[in-house]
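Residue numbers (full-length UniProt numbering), protein chains in the order written: chain A, 1 to 344; chain B, 1 to 344.
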């Protein structure tokens, strides 16, 4: 059993913790919280040992939570640390704590690529995290793009260049202070947005440019993709590629999937934890070929898409399972769509 | 003085009416309203003769508005009719009324292209409406795209193909029943959206594909454009083209234009009627060249962008002014941005 310490039990960390619990080859060593808020109490109720920073111990005690120890105690109790701290805090934690212990650490996409030795996506480069000390699971949008592009190339559809146009959700559901409201915000106004270069930390040779705007939505990101292929391919070959690629879901308008909200409604109806949808939701009706051009729209659930990637990153680091067996195990344990999927 | 009858005094019609009032070569013959609501009362307070449909006369009287006559009386009192009815109602009006009178009619972009002999954009094909009986001013998004592409070609920047990705405003500010709220809706899920073919009703040979999603915004549409040019051009040449093209405004992030809402705030600060912004608002920072590729983002104010186009369409039909003199006269009378603009 791999003992996993989760540093940062927020939007991503709490989901990874629950995903770890669903595995039979790993378990939670503990989770680190900075504030003794309702999320900390949820961690306690889940039975997770709750650690905190040295200067927060008294605060936790006052709030009725007895900390299991400090961050360094958590690192010592873990075989691997998953850092899901807010942007840039992961790097601070590395300098302050992780460098002093000989434990592998997985960072999230909020950190710059050079925080780690390798940027990770299970479909694209599972093997590259093997034995690494520092691994970074790329961010939600980058994960979505990487899955779509890798699905194509794994299935014989060659890519000449990808131009992706992103309508980003402005905030997560719980972020009550973030906007926009009734506005569309270039994010950034310059081209490219960071997503293109970020994809290239994994798919090093892909010709990709991305543009992004933020919109008043908390539910999911939406991508409009224009991809030039290396020749003309039948649309059915592209659809078939998506249909058999794990962690891609084909949403049909005819089946009621007319928008991102309907994808999340489906997740809620399925009883998925927190109404999460870790698959890339490709709108099947949008998949269009036009000579050697491919168009498609897809949704990316920013809160959950990286969760299965973190689970696979753990197995990849320790080399306990090969790529496809890990992906399949993760998907089954998290009850992702497995019907028609080809694992290997 | 050209006497202009406005059929449909809603979002577009009321703006065209005010724009007509600002001209010294045309005047309002009257406006047609179907409901005696607050907009009808605004029309009365503006001093416009208010006409209605035959079966609505009593309703208007009960509401305290004495109609000046019926739609046929309005047609008779006009030299030209601008039909700004809801989608498809323009065509019904044509079949029911306009065909029986020998007066030119201008339709809006909500109607299909074949309602008219020519689709119109002042920059692109001003001369083609000359002497026509039925003219159609294309819709807001189509007008925005047509201006941007025409600005490039008029200034020596050749276009190979245009791929435009649109985050549409979900509703106008007054449309209280329309959505989405907290959702991104493929609009449509199929590719292309109608905008590409609609641009081709004016720029017949342009290779264009468009995709669109609707977002929870009432303020403006946002376009992300990817344009392949016929060779590499310096970015400055593109910026210069936009800078001197009438009805295109370059919004600098450094000057505070960080989003669409800031563009509208500027219009409000300028004291523009209804806070309108009929110019295409190009985010200067987004204009990027990359080999022969051009990227940019721009906002399109759906409520007002077609207003100056309708004024020019009237002059074009009657041949009272050549293209650039009409555009300049319209822009000055409506107090659009004229600094640095080249009219001719």
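Glycine is no exception: its CB is placed at the ideal position from the N, C-alpha and C atoms.
Computed from a prediction, not measured in an experiment: that's the story for all the values here.
In the DSSP assignment, residue 222(B) forms a beta bridge with 167(B) and 299(B). Residue 280(B) and residue 152(A) have their C-alpha atoms spaced approximately 37 Å apart. Here residue 13(A) is buried: its Cβ has 16 or more other Cβ atoms, across all protein chains shown, within 10 Å. Only 188, 189, 190, 191, 192, 209, 211, 212, 213, 214, 215, 216, 217, 218, 219, 220 and 221 from the stretch 188-221 of chain A bring a Cβ to less than 9 Å from some Cβ of chain B. In the DSSP assignment, residue 305(B) falls outside any beta strand (DSSP E), carrying neither H nor E. Identification of chain A residues near residue 182(B) by a Cβ-Cβ cut-off of 8 Å yields 216, 217, 218, 219 and 261, ordered along the chain. In the structure shown, residue 266(B) adopts helical secondary structure according to DSSP, grouped into three states. For residue 268(B), not one C-beta of chain A is nearer than 8 Å to its own C-beta. Cα atoms of residue 62(A) and residue 35(A): separation of roughly 11 Å, rounded to the nearest angstrom. When the alpha-carbon of residue 49(B) is set against those of 9(B), 191(B) and 318(B), the nearest one is in 9(B). For residue 55(B), the closest alpha carbon among the candidates 41(B), 333(B), 70(B) and 65(B) is that of 70(B). Contact between residue 192(A) and residue 209(A) is confirmed by a C-beta separation of about 5 Å, below the 8 Å threshold.
In the three-state reduction of the DSSP assignment, residue 6(A) falls in the strand class. Under a 10 Å Cβ-count criterion, residue 260(B) is classified as buried, with 16 or more other Cβ atoms of the shown protein chains found around its own Cβ.
For residue 154(B), the enclosing alpha helix (DSSP H) covers residues 140-154. Annotation: residue 87(A) to residue 111(A) spans about 6 Å, alpha carbon to alpha carbon. Residue state for residue 32(B) is assigned as strand, using DSSP reduced to three classes. Contact annotation: the stretch 110-127 of chain B touches the stretch 80-97 of chain B, with at least three C-beta pairs closer than 8 Å. The shortest C-alpha to C-alpha distance from residue 221(A) to any of 229(A), 85(A), 282(A) and 231(A) is the one to 282(A). Taking a beta-carbon distance threshold of 8 Å, residue 142(B) does not count as an interface residue toward chain A.
Between the beta-carbon of residue 142(B) and that of residue 199(B) there is about 6 Å, and that keeps the pair under the 8 Å contact cut. Within the stretch 106-127 of chain A, no residue has a Cβ lying closer than 8 Å to any Cβ of chain B. Runs of alpha helix (DSSP H) with 4 or more residues, each lying fully within the stretch 18-66 of chain A, are found at 38-45 and 57-62, listed in chain order. For the stretch 161-175 of chain A, the beta-carbon criterion of a distance under 7 Å to any beta-carbon of chain B is satisfied by 163, 165 and 167. Sorting 299(A), 244(A), 326(A) and 30(A) by C-alpha distance to the C-alpha of residue 341(A) places 244(A) at the top. For a Cβ distance threshold of 8 Å, nothing in chain B lies close to residue 331(A): the least Cβ distance comes to about 26 Å.
Interface flag for residue 234(B) against chain A is unset, since no Cβ pair is found closer than 8 Å.
In this chain, residue 181(A) is not harboured by any beta strand (DSSP E), its DSSP state being neither H nor E. Proximity of the stretch 296-313 of chain B to the stretch 14-28 of chain B meets the contact definition, three or more beta-carbon pairs being nearer than 8 Å. In this chain, residue 320(A) is not harboured by any alpha helix (DSSP H), its DSSP state being neither H nor E. Under the 10 Å beta carbon count, residue 33(A) is surrounded by 16 or more other beta carbons and is classified as buried. A distance below 6 Å between beta-carbons, with the five flanking residues on each side excluded, links residue 301(B) to the following residues of its chain, in chain order: 220 and 277. Rounded to whole angstroms, the separation of the alpha carbons of residue 197(B) and residue 190(B) is 13 Å. Here DSSP, grouped into helix, strand and coil, assigns residue 232(B) to coil. If you check the CB distance, residue 31(A) and residue 167(B) do not come in under 8 Å. Ranked by Cα distance from residue 130(A), the options 332(A), 335(A), 68(A) and 316(A) are led by 316(A).
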